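Visitor:
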Amino acid sequence: AQSVTQLDSQVPVFEEAPVELRCNYSSSVSVYLFWYVQYPNQGLQLLLKYLSGSTLVKGINGFEAEFNKSQTSFHLRKPSVHISDTAEYFCAVRGGGYNKLIFGAGTRLAVHP
Amino acid sequence: ETGVTQSPTHLIKTRGQQVTLRCSSQSGHNTVSWYQQALGQGPQFIFQYYREEENGRGNFPPRFSGLQFPNYSSELNVNALELDDSALYLCASSLDSDNEQFFGPGTRLTVL
């Protein structure tokens, strides 16, 4: 069965500092990986996705992630965060014979001035 | 292009009652997936509808049921509500079951 583990429940960081949000997955089949962001009282917005090809994936709002098959990881990075990046971030893997998303428990990114 | 919309935004029910949540898919999308997000957790897959047929189901009891209509909008019905059903319910639509899912803002259900 596929699963996703987000290693940090909360990540505090100062504005303009770099950040990495960690995600590990387990899957016995081809992997499709996603990062979503959820702002307070809102739904999920797709940041980026890995389906195939280059292991370095660039997304919206300056975020990027690297797919590492040997380490079964898909960590999210941003070189310089803003206050507006404060939100909950979810890593997900697509599983099953249909388009079901399996989410991690989320990482709360708190950017401080 | 209209995005995914859900109604109502919030609602409060008491234990044992029944509730219906509604989702309008993005224009052109024929697949709707429903997720339950309990407080402090990631979304959990409930089920998916593709062209009016259930296309897959997660580990939720039969009192969670759904419908998809010819215009591809969808309903989630929950019978015999329990306190643990309190959560944010998210709907996502996609063009066919293989493509990117676009999420709505969710319905916050509180069961007292």
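Line by line, the protein sequences give chains A and B. Each residue of the first sequence is one higher than the one before, counting from -12 in my numbering. Each residue of the second sequence is one higher than the one before, counting from 402 in my numbering. Positions of the beta carbon are idealized from the N, C-alpha and C atoms, including for glycine. Predicted model only: the values in this text are computed from it and were never measured.
(1) Would a check of beta-carbon distances place A74(A) closer than 8 Å to chain B?
(2) So with Cβ pairs under 8 Å, would you call E501(B) a contact of chain A?
(3) Pick helix, strand or coil for L369(B), following the three-state DSSP scheme.
(4) Just the Cα atoms here: how many angstroms apart are S475(B) and E3(A)?
(5) Relative to the alpha-carbon of P5(A), which residue among K65(A), G93(A), H99(A), N48(A) has its alpha-carbon at the smallest distance?
(6) Round the Cβ separation of Y23(A) and A79(A) to the nearest angstrom and send it over; I've been treating them as touching at under 8 Å.
(7) In whole angstroms, what separates the C-alpha of P462(B) from that of T421(B)?
(8) So, are the CB atoms of Q469(B) and Y450(B) less than 8 Å apart?
(9) Taking 8 Å as the threshold (C-beta atoms), are Q25(A) and A74(A) in contact?
(10) With distance defined between alpha-carbon atoms, name the residue in Y12(A), E53(A), F1(A) nearest to H69(A).
(11) Which residue from L20(A), E51(A), Q(-3)(A) puts its Cα closest to that of I89(A)?
(12) Which residues of chain A have a Cβ atom closer than 9 Å to the Cβ of L491(B), listed in chain order?
(13) Taking Cβ-Cβ distances shorter than 7 Å, what residues in chain B pair up with N11(A)?
(14) Are R509(B) and L496(B) close, meaning C-beta to C-beta below 8 Å?
Guide: Here's the rundown:
(1) In the first sequence, counting from the first residue as 1, residue 74(A) sits at position 87. Answer no: the Cβ-Cβ gap between A74(A) and chain B never drops below 8 Å.
(2) Within the second sequence, the letter at position 100 stands for residue 501(B). So, interface residue.
(3) Nothing in the structure corresponds to residue 369(B), since chain B is present only between 402 and 513.
(4) Against the second sequence, residue 475(B) aligns to sequence position 74. Against the first sequence, residue 3(A) aligns to sequence position 16. In a straight line, the C-alpha of S475(B) is about 42 Å away from that of E3(A).
(5) Numbered from 1 along the first sequence, position 18 holds the residue referred to as residue 5(A). K65(A) is the residue among K65(A), G93(A), H99(A), N48(A) whose C-alpha sits nearest the C-alpha of P5(A).
(6) Here residue 23(A) is taken as the residue at index 36 of the first sequence, counted from 1. Here residue 79(A) is taken as the residue at index 92 of the first sequence, counted from 1. So it is a contact: roughly 6 Å between Cβ atoms.
(7) Position 61 of the second sequence holds residue 462(B). Position 20 of the second sequence holds residue 421(B). Roughly 16 Å separates the two Cα atoms.
(8) The sequence position of residue 469(B) within the second sequence is 68, counting from 1. The sequence position of residue 450(B) within the second sequence is 49, counting from 1. Taking 8 Å as the Cβ cut-off, Q469(B) and Y450(B) qualify as a contacting pair.
(9) Reading the first sequence from its first residue, position 87 is the one you call residue 74(A). Reading the first sequence from its first residue, position 38 is the one you call residue 25(A). Cβ atoms of A74(A) and Q25(A): closer than 8 Å.
(10) By one-based count along the first sequence, residue 69(A) stands at place 82. With distances taken between CA atoms, H69(A) lies nearest to F1(A) out of Y12(A), E53(A), F1(A).
(11) As a first step, residue 89(A) is located in the first sequence; it is residue number 102 there, counting from the start. Just measuring C-alpha positions, the residue of L20(A), E51(A), Q(-3)(A) sitting nearest I89(A) is L20(A).
(12) Counting from 1 along the second sequence, the entry for residue 491(B) is found at position 90. Simply G30, L31.
(13) Here residue 11(A) refers to the residue found at position 24 of the first sequence. Neighbours of N11(A) on chain B: none; closest Cβ ~14 Å, over 7 Å.
(14) Against the second sequence, residue 509(B) aligns to sequence position 108. Against the second sequence, residue 496(B) aligns to sequence position 95. Against a cut-off of 8 Å, the Cβ pair of L496(B) and R509(B) comes out as no contact.
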